[in-house]
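Counting the sequence shown from 1 gives a position; this note's numbering is that position plus 42.
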Amino acid sequence: MPSPSPNDSPRSQARITQHLTQHRRLLQLDSPLGPDVLLPQRLIATERLNDGYEVTVDLLSTHTGIALEQLIAQPVTLWIRQHEGETLPWHGYVHTAKRLGSDGELDFCQLSFSSWLHFLRFRKDARIWQDKRTEDILAEVFNNHPQARGNYRFVLERTYVPRSYCTQYETDWHFVQRLMEEEGWFAHHEQREDGNGHVLVITDNTWNLPGLPQQDIAFHGAGPRDELDKILHWSASRTLSSKTWRGRSDDYKSPRMQKEAEEQVMPEYGQLPAQLEMYEYTGAYSFAQQAQGNRQADLQVEQWESSMQRYAAVSGVRNLACGRWFRLEEHPLHRAEPDRERQFVILAIDWFIENNLPLSHQALDFPGSLSATLAAFKESIRRERQVDETDNEHTGHCFNRFEVQRRKLPFRAARTHARPVMLPQTAIVVGPASEEVYTDHLDRIKVQFRWDRINPGNEAASCWVRVSYPNAGQSWGAIQVPRIGQEVIVSFLNGDPDRPVVTGRLFNGEQRPQWHTNGRLSGVKSKEFGGTGFNQMVMDDTPEQNRI
Numbered sequence: 043m044p045s046p047s048p049n050d051s052p053r054s055q056a057r058i059t060q061h062l063t064q065h066r067r068l069l070q071l072d073s074p075l076g077p078d079v080l081l082p083q084r085l086i087a088t089e090r091l092n093d094g095y096e097v098t099v100d101l102l103s104t105h106t107g108i109a110l111e112q113l114i115a116q117p118v119t120l121w122i123r124q125h126e127g128e129t130l131p132w133h134g135y136v137h138t139a140k141r142l143g144s145d146g147e148l149d150f151c152q153l154s155f156s157s158w159l160h161f162l163r164f165r166k167d168a169r170i171w172q173d174k175r176t177e178d179i180l181a182e183v184f185n186n187h188p189q190a191r192g193n194y195r196f197v198l199e200r201t202y203v204p205r206s207y208c209t210q211y212e213t214d215w216h217f218v219q220r221l222m223e224e225e226g227w228f229a230h231h232e233q234r235e236d237g238n239g240h241v242l243v244i245t246d247n248t249w250n251l252p253g254l255p256q257q258d259i260a261f262h263g264a265g266p267r268d269e270l271d272k273i274l275h276w277s278a279s280r281t282l283s284s285k286t287w288r289g290r291s292d293d294y295k296s297p298r299m300q301k302e303a304e305e306q307v308m309p310e311y312g313q314l315p316a317q318l319e320m321y322e323y324t325g326a327y328s329f330a331q332q333a334q335g336n337r338q339a340d341l342q343v344e345q346w347e348s349s350m351q352r353y354a355a356v357s358g359v360r361n362l363a364c365g366r367w368f369r370l371e372e373h374p375l376h377r378a379e380p381d382r383e384r385q386f387v388i389l390a391i392d393w394f395i396e397n398n399l400p401l402s403h404q405a406l407d408f409p410g411s412l413s414a415t416l417a418a419f420k421e422s423i424r425r426e427r428q429v430d431e432t433d434n435e436h437t438g439h440c441f442n443r444f445e446v447q448r449r450k451l452p453f454r455a456a457r458t459h460a461r462p463v464m465l466p467q468t469a470i471v472v473g474p475a476s477e478e479v480y481t482d483h484l485d486r487i488k489v490q491f492r493w494d495r496i497n498p499g500n501e502a503a504s505c506w507v508r509v510s511y512p513n514a515g516q517s518w519g520a521i522q523v524p525r526i527g528q529e530v531i532v533s534f535l536n537g538d539p540d541r542p543v544v545t546g547r548l549f550n551g552e553q554r555p556q557w558h559t560n561g562r563l564s565g566v567k568s569k570e571f572g573g574t575g576f577n578q579m580v581m582d583d584t585p586e587q588n589r590i
């Protein structure tokens, strides 16, 4: 145990405490509480391509009785000092605030903040889009959140087919992630230089991603401790994957025609066993044209190829960000590779930062603080302290652990956000106000679901929905088209919310049965369009009165 220093006396500590500021610190925080009210002590953060980021900060303050509830959902900006002296912002919104304890001089608390994407987890909706492009659908969802308006953009190489019918029946977060995964899109964040916001950038091509400010990063290894802005550890991994993806779909408008699509992992990824095939029935009319099916196959195989070759690293580089690329220099295994092979895209980052505050090494570690996690990480990389020329106290350090893939490869996120599995529901048959029956050449109908709070209850409420009839064949069968106002049961093919089909009809308080005779009368009765006339066939099963 080190001998106590004269600067460790209570009087000296109190003197230092009175003058605690963020000036020239490795970490600085702007919050609604004002300057120097909350001083960052240490930080652990995670950032993932597509998922956004979450930053957790241990803080200390000379102010007592801070009302932490005032910080929830409020914007904050964390500034990370670069070793050249400038600072880079990390903006977000607080979602968790904790008070860890007090030592009599200082209060200790902890904040966690994320990008505005985090708000999407706390809003759920049920609604329908028809004949809309995916980017337009996502824009509508984003614009439900004031924090997102004007803070997103799309950078897409391809032109995408509009979705004829698209249902949201989940949280905004799950819905957005699901649609991006289906399209093969991915997202990263850009921080505004003034620290007053951040922008979500959605793209479909790794060549659209920007480079880091310094595009060349050198491999330093585990030697002398000149580790600022260098990579300390570098490792590669290869994993097994399926070899072939094959999918099949069908379209009831052309029932004899089965559509199929197939793609294989390229040989350069290894000699995979031939039997490793993923065969899927992708659902009813999941691709109208062969090109759409081929695109589904490409996306699935590209996701496999992306995940089969990954690299992990540890560094002291302070301006890393997901969705940026860099060129690896001076690594013995990559030094002879051409420039294109040494360009890597950052997919995920874990940050471990200790601020250069006086008394930081003497402060109490309360339960729930990040101290133990930081210490374990430093021990795992055999680093106790990172020396910073601008750090008079020599207590600050900044490390990160990150995952990359080669930039030349497409990146596709794994499909971890599945479509909701829908159970049967009831709906009301709808159509133009002037009509009693509204149908098409396939005797399909339009319906309004009970949960639909947006559509006005007319022919625009849904797509054309197929109806299950008692019998259906070529020029024969039994037909009774549901009429406007009737209640129907809607099921979903394979549970898919975008594939409704009417499977039954129901009486209700407004649409009552004509005969209520304890089940003794049965039959069929029609109704004249626009009038009161009818046709009927009645069977009377009353004892000793059997008749038709």
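Ideal placement from N, C-alpha and C gives every residue a C-beta, glycine not left out.
Keeping to the same chain, check which residues put their C-beta closer than 8 Å to that of residue i; ignore five residues upstream and five downstream.
i	result
His-137	Ile-114, Ala-115, Ser-154, Phe-155, Ser-156 and His-160
Pro-474	Tyr-480, Asn-500 and Glu-501
Could you pull out every residue in the same chain whose Cβ sits closer than 6 Å to the Cβ of residue i, ignoring the five residues on either side in sequence?
i	result
Phe-419	Phe-394
Thr-545	Ser-510, Ile-531 and Ser-533
Arg-123	Leu-68 and Thr-129
Gln-587	none
Gln-70	Gln-64 and Trp-121
Output the distance between the C-alpha atoms of residue i and residue j, rounded to the nearest integer angstrom.
i	j	result
Asp-482	Glu-501	12 Å
Leu-270	Gln-331	53 Å
Lys-569	Phe-549	15 Å
Val-543	Met-464	12 Å
Arg-486	Ser-296	16 Å
Leu-120	Tyr-194	21 Å
His-558	Ser-564	10 Å
Leu-412	Pro-204	47 Å
Asn-398	Glu-421	19 Å
Gly-601	Asp-246	Residue coverage of the chain in this structure runs from 43 to 590, which leaves residue 601 outside it and unanswerable.
Pro-117	Thr-104	22 Å
Are there 16 or more other CB atoms within 10 angstroms of the CB of residue i, so buried, or fewer, so exposed?
i	result
Phe-576	exposed
Met-299	exposed
Glu-445	buried
Ser-476	exposed
Asp-494	buried
Ala-87	buried
Thr-63	exposed
Gly-313	Sequence inspection shows Gln at residue 313; the Gly mentioned does not correspond to that position. Exposed: under 16 other Cβ atoms inside 10 Å.
Val-183	buried
Ala-339	buried
Taking the alpha carbon of residue i as the reference point, which residue from the options has its own alpha carbon closest?
i	options	result
Ser-348	Ala-456, Asn-361, Asp-540 and Val-218	Ala-456
Ile-108	Gly-565, Ser-73 and Asn-185	Ser-73
Asp-78	Arg-84, His-65, Ala-87 and Cys-208	His-65
Arg-541	Leu-68, Ser-206 and Glu-477	Ser-206
Gln-553	Gln-578, Ile-526, Gly-561 and Gly-537	Ile-526
Val-471	Glu-126, Trp-506 and Arg-90	Trp-506
Arg-165	Ser-411, Leu-71, Trp-518 and Asp-214	Asp-214
Leu-80	Phe-184, Arg-175, Arg-352 and Thr-106	Thr-106
Ala-354	Gly-134, His-275 and His-187	His-275
Gln-516	Tyr-202, Thr-324, Leu-484 and Tyr-311	Leu-484
Val-356	Pro-117, Thr-324, His-262 and Glu-147	His-262
Asp-93	Arg-461, Met-579 and Met-222	Met-222
Phe-329	Leu-535, Tyr-321 and Ser-291	Ser-291
Gly-410	Arg-425, Arg-589 and Leu-142	Leu-142
May I ask which residues mark the beginning and end of the alpha helix (DSSP H) holding residue i?
i	result
Ile-179	176-184
Ser-422	413-422
Met-222	214-225
Gly-335	332-350
Excluding the five sequence neighbours on either side, which residues of its own chain have a C-beta within less than 7 Å of the C-beta of residue i, listed in chain order?
i	result
Trp-346	Ser-283, Ser-284 and Val-307
Cys-364	Glu-89, Arg-90, Leu-91, His-230, Ile-388, Leu-389, Ala-390 and Ile-391
Thr-281	Ser-349 and Met-350
Glu-322	Gly-289
First and last residue of the beta strand (DSSP E) that includes residue i?
i	result
Asn-442	439-448
Phe-394	385-396
Trp-171	166-171
Trp-367	367-371
Trp-518	518-520
Thr-245	240-245
Lys-488	488-491
Strictly under 9 Å for the Cβ-Cβ distance: is residue i near chain C by that measure?
i	result
Val-566	The structure shown has no chain C; it contains just one protein chain.
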